[in-house]
Every structure is written in C-alpha cells, then in structure tokens.
Amino acid sequence: MSKITTELLLERAVPRSTRLRKIETLNLSKLQLKTGDLDPRLFSRLRHLQKLDLSDNLLDKFPNSLTLPDLRVLNCNNNKLEDVTALKQFPLLEELTYENNVYLTLNDDYKVMFLLQNLRLLNGKDITKLANHVRRVNSRKLTSKVTAHWEKFFRDQLPEKYTAEQVKSIKKKFLKSVQTNVVYGPSSLSEFTRWRVKMIAEEFLAYSLGVELNSDTEPEEKTDENEEESTESPREAAEEDVAQVVHIYDPLVTVTPSKRKRNHSKSSPGNKRSKTQAKTEEEAALNPRKSSQPLHFLQCHSKGNSREDFKTQLWSCVFEPVLDSGARKDPIVSSSRTVATCGGESVCLIDCETGTVLKKYKVATEEFFSVAWTTLTMEISDSRKKAHNILAAAGRRGIVKLIHVAADFCYGEIKAHKKPIATVCFSPTQETHLFTASYDKRIALWDIGIPDCDYNFKASQLLVLETASIPLRIALVPTCPEQYLLAGCEDGCFAWNIKLDKGQKSRPFEAIFQFPDEEGMTTSHRVDGLAFLNDDVVVSKSSKPGCIYLWSWSRSFDAKGKGCQRTMSAVILAELEWSTTDMSYLTLSTCPAREYVFCGDEQGSVWMYNLSSYTTAWGSAKGKRSERRISPTQILKWPELRVNGEQPPEILVNNVVADPAFTYLVVLTSVNITAIWKKS
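Position in the sequence shown (first residue = 1) + 709 = the working numbering.
This is the structure:
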C-alpha cells in the first residue's frame, strides 16, 4: 500500500486543507518516500499546487506524469536522485533545489537550466545569466558544429534518391560520429554536451531528412567535479584544480624539471644514459600532426596546486573500464577515454580527448604510487542494484583509499601495510579481491566487500604472500588468475599459488625464475617491469642495461612439480632492444588487444613494439627463441619544451599506458608532466 493517501496530502498541506485541488503548498519531507510512492493519479488532483517539499526522502527519480501544471517551487534535497530530465514536466518551475543527491552533478545542473525555461534559482543561486547562456549561446554554437559536421562528413554520403533503410543507416553513423567529434566547453560538462549534441542532431535530421525523432532516450550516468579529502570544499576545489592544469599545446612552452630522486629502494639506481637508439622499422600513426607532438600536456599533480612544481614524480595510470550503464561510460566509443593517474599527494581523472582534469582527489600527507579499477554491483535504492566503478589508490602510508567515482566520494580506507605500498591490482574474476604489494616484503590479498547504500562495508584479509625482497610489480596469470600470481621484485621474479581452497593463509613463493646473464643463468636481478602480452607471453624488464625479455609462462612454470621455492628457468622467446641505461623503475606496459609493448626511457622517449607478427610462432610448442633482439617499431621522442628559454635537463618516463583499443597513449614523467598522444 502506498504511503501517500488523500488524507496524508490534506494533513501535510500548508495550511491544512479539505480538498486536494485547493492545496498550494505541500510538505512531504522526511517520510521515507520512494519513487513508487508518488502516485500520478493522486498527484494529478493537485491542480493548483505551487510549492512542493520532497526533501529527506529516498527518491531515485521522478515519475514522468505527475501532472502538476502550476508547480513553481520544488525542494528535493537529501534524496538519491540519479536523473533530472523528468523535471521538464514542470515547465513553470522557478526555484529548484536538489543538494545532497550524490549521483547528481554539474552536468545535471546544465540539463535543468536548458529544460526549464523559467528557472531562476538553482540550489539557492541565481542562475538567470548562466541559464540564458546555456539556452542560447551554447545551443547556437553546438548547432553550428553539428551542422558543419554533417556538411563536411555526411551530406555527400546520401544519394539524391534515398531509401528509408539508407536514412536509418546514415542516422546511426551520424549520431555516433557527431557525439564523438563535436566538443565544446570544459570536459567536466562532456556528458551534458553529448546529451545536447544528440538532441540537436536528431532535430537536425528530422528537419532535413524527415527522420523521426527518438524520444526514448535513456538518462545517462552522472559525473561531477566534486572530489577532495583535504582542506578545500569539493566543488570549489575541483574548479580550482582544473584551472591550475597546464595545457601545453605549443612545443616551445616552458617546463622546468628537477633531477630525479629515487629513495624507495635500498639499491641506488645508476645514471648511465643511452648513446644510441634503434631505428624504426615502421611508422605508427599516433597523432595526426606531422610533428608527432602529444595531443595534450598536463601538470595536474602539483603540490598545493603550484605551477612551479616540477619535482613531483608521477607513477601509475590506469584507464577506467567501460560499463554497460556505468559511472563514466562514453556510449559512443568502444573503450573509455578516462584515465586515472597518481603521483605526489593526488589522484586525477583525466579526459584524454580534451585533456581536462575531471576530478582530483588529494590527501595532504600521502604520496600515491599506484591506482587500480574494479566494477562493483552496488545496491542503490529500493533493493535495486547497479554497476559502478570503484578506484583504489595507495602509496607511502600503506593505506588503500576506496573512491566511488560517480558519487565523488572516498567512502573508506584499508590500513593494509605498515610500510609503503608499491603497487595494487584487482582480480579480473573476483571483483572485490584486491592485491597489495608492499615494502614490508609481503603481498596481501583483500576482500574489500561491497558497500551498501550508506557506504558501510567490511574488508577482510584473505591471504599473505611472503616475498624474499620488495615486490615492485605484480601480474595475475590470465589463464588461471585465481591460482597463480607473478611478482617482479628487487631481487628476482617469483610465482605464488594463490588458490583460496588451500589451507595456508601465509605462503612462501612457489617458484623463482632464472634468466640469462653474462655468466650463464641467474635468479638475482631487479625486475621493475612485468606484464602479460597475451595468455602465455610474459614481458619482464630488469635493471640490467637494455634488457626486456619475452618468455613463456606455460613452458617455464612446472605446475606438476611438488614443493615450494623451486628454481625454474624462464623459456626466453625474444629480447627487445631498449635503452642501455641501468636506471631502475622505468616500468613497461602492454596492450594485449593490439599485441604492443611500451616502455619509456631516461631521455623522455617512448619505445613501442608491435609484436603481432611474432606471437603466432611463439604460441607453437616448438616455437624457438628469436635469434636477434627485436627493434622498436617506433620511438616517440619527447618534444622540445622550454621554460624561461631553457630546456629541461632530464625527463624520465616512469610509466606509459595505452587504453585497451590503443586510441590514446598516456605518458607519466619524473617532472610532474603527463603527456597524452592520440592515434589517428
């Protein structure tokens, strides 16, 4: 039975009333109301209602047919609203408040400003001037861009006499293309822009071609700029951080780096520099610009938002996974263009297409070393569940921060280790299983749990893997991610059995791998780069100058052998030619879908290896080792950057990562600069 009855409405009227049609002000706050409690048939009798208070309830959306033709003031504070587009049914609305609805964002503010032509006050602020800009200037510019996109790319694709099927096909292609390529305003408003572009494009097609408009558009997920744990207020902090980002489009813009300091290990890295670099065998078009300059440079991890900070080291970046209906899904691209980066006291979310910082999360006493994504199916309201992306970030304090990105909320932390955490990664098969590798010479497996609608959660430690030295990189074996884990450590490459049905909660390593060196085979070497190229081929990098090995997991690891701490020889498939530096912690990454390996060097260059022509032969049981070192397919040189007329003396590439579709390449440096290339 619905909580709302005629008697309740009459009683909650201000003042109390004897007839529904006479009610002008109604207070329905603090009644634990859910969307299903708002009965359109009952509300349709409130013909003269002008003020409605629905604050402090559990509403996640508005029914589409409440029929309140005279509504002028609406209060929806402290609910769980996920979408605002249904508010267009109240065209006379002048004042609207919906603060403390964690799923609503700046994009929703702009949507209601466009949809509600009479709106004057939004969340207590006069938005008259901004709303006029959104409705007129913004719409005019977007309409111009949409029209130009049609004229340039699609007009000639349609014959003079066209069929309904041809129109349907061109409409689908045009809507997809226009939402991808028409960009306007800050990236924090990209969702609103796509929403308006789609609307304008459909109207344009309806007018030009007689294509019927599709009114069944589903509400898109929200993104916002509010995210901060330190001293600044959420939205102000986000806006300030965006303003502090340095977008360097001119290769002569200045940047002043300082010398690199590496004090996270007992071993002191060398300082040799590469004298020679391999010639490229093939040109890979990463950027349509002839000079192969990056699409964007950003300086967004500065301590205290200082533009003078060129000392902060950037360490880790991971692309956000795409959801079927998720927090930051871009519905018109095949993979996410949002990347999480970390370094210094902050974690940033960056839109790679526009080069804008969407969110920034800071902890003043932290230095973040690693980030990782997972997707949790969370209960949002009324026992309904929805998939959301969660970001884990960890570093020097040994604490894992758990951030619900869509809600701009760090909802919890796990005090995982007493020493710094070098790297973290989630299981690809168990969404709540998180591995943390620490300087305490332990790798821990945690179940982070799933937060409820109030963000209550319970984390538990499932396993501890003992290492002989500090673990630097970890990777789960793709063919059996619930059974084996590999780790590159300060003193070798190790493997553990992580199957949870085994009795031991604390386990020693099961195998250590030996690799060739000048004197034969050795197990003792620093492995600071580790990743799988495919289900079987492992790519590992040691501090031995110029040494990146590709080797077979299945042919190297004897799963049938008994006992722990066995020594196994890595079956080498090939060696990649790389810089002759012996500088440590310049890590590598792979793009399995495109069979690429990436690794930066000590001169700011990115070495790229397309290995698609080799993997078939390596997959054979009799596949032999490549006799010669494989040269890079391409080396992306660091462009000329100057500050105050001087070129930086040393830029080291700490990490380089491509998105799954290899559309973007993100480069993290030792001088607080993030560079983003885009493949043409």
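Glycine included, every Cβ here is placed at the ideal spot set by N, Cα and C.
- Sequence-distant Cβ neighbours of lysine 854 in its own chain, meaning closer than 7 Å and more than five residues away, are Val891, Tyr893.
- Looking at the backbone, the Cα of valine 1365 and that of valine 1315 are separated by about 8 Å.
- Of the candidates His842, Trp1327, Leu1007, the residue whose Cα lies closest to the Cα of cysteine 1061 is Leu1007.
- Per DSSP, the beta bridge partners of arginine 1275 are Ala1220.
- DSSP places aspartate 1156 inside the beta strand (DSSP E), whose first and last residues are 1151-1156.
- With respect to the 7 Å criterion, threonine 1050 and cysteine 1057 are classified as neighbours on the basis of their beta carbons.
- The beta carbon of isoleucine 1089 is closer than 7 Å to those of Asp769, Lys789, Lys1095, Cys1162 in its chain, skipping five residues each way along the sequence.
- Considered as a whole, the stretch 1302-1388 harbours 1324-1328 as its complete alpha helix (DSSP H) runs of no fewer than 4 residues, in chain order.
- Rounded to whole angstroms, the separation of the alpha carbons of tryptophan 1262 and serine 1233 is 19 Å.
- In the structure shown, asparagine 809 falls within a coil segment according to DSSP collapsed to helix, strand and coil.
- Following the DSSP letters along the chain, one finds glutamine 888 inside the alpha helix (DSSP H) bounded by residues 873-890.
- In summary, methionine 822 is buried, with 16 or more beta-carbon neighbours lying within 10 Å of its beta-carbon over all protein chains present.
- Within the same chain, Glu1304 come within 7 Å of serine 1321 by CB-CB distance, once the 5 residues on both sides are set aside.
- Under the DSSP assignment, isoleucine 1112 falls in the beta strand (DSSP E) whose first and last residues are 1108-1113.
- A straight line joining the alpha-carbon of asparagine 809 with that of arginine 1046 spans about 28 Å.
- Between the C-alpha atoms of proline 1129 and serine 897 there is a straight-line separation of about 33 Å.
- Going by DSSP, lysine 1068 is part of the beta strand (DSSP E) stretching over 1065-1071.
- When the Cα atoms are used, tryptophan 904 and leucine 1297 turn out to be separated by approximately 38 Å.
- Three or more beta-carbon pairs separated by less than 8 Å are not found between the stretch 1133-1140 and the stretch 1164-1181, which leaves the two stretches without contact.
- Under the three-state reduction of DSSP, histidine 1010 is assigned to coil, being neither helix nor strand.
- Among the bridge pairs identified by DSSP, glutamate 1122 is matched with Lys1110.
- Under the three-state reduction of DSSP, asparagine 787 is assigned to coil, being neither helix nor strand.
- Along the stretch 1137-1212, the alpha helix (DSSP H) does not occur as any fully enclosed run of 4 or more residues.
- Straight-line spacing of the CA atoms in lysine 1387 and valine 1246 works out to 27 Å.
- DSSP places valine 906 inside the alpha helix (DSSP H), whose first and last residues are 899-918.
- Phenylalanine 1135: member of the beta strand (DSSP E) spanning 1130-1135, first to last residue.
- Below 8 Å, too few C-beta pairs join the stretch 842-850 and the stretch 873-891 to call them touching: fewer than three.
- One alpha carbon belongs to leucine 1100, the other to lysine 1110, and they sit about 8 Å apart.
- In the three-state DSSP reduction, valine 846 falls in the helix class (H, G or I).
- Per the coordinates, the alpha-carbon of lysine 731 lies some 9 Å from the alpha-carbon of alanine 722.
- For the 7 Å CB-CB criterion, glycine 1104 and histidine 1126 do not form a contact.
- Close CB contacts of serine 1178 within its chain, under the 8 Å cut and outside five residues either way in sequence, are with Lys1150, Cys1198, Glu1199, Asp1200, Gly1201 (chain order).
- Across the structure, threonine 1372 and serine 1249 are spaced so that their CA atoms are roughly 24 Å apart.
- Under DSSP, no beta-bridge partner is assigned to aspartate 1291.
- Nearest to phenylalanine 752 by alpha-carbon distance, out of Gln741, Lys739, Glu716, Asn786, is Glu716.
- Beta-bridge partners of tyrosine 1258 (DSSP): Ser1249, Glu1284.
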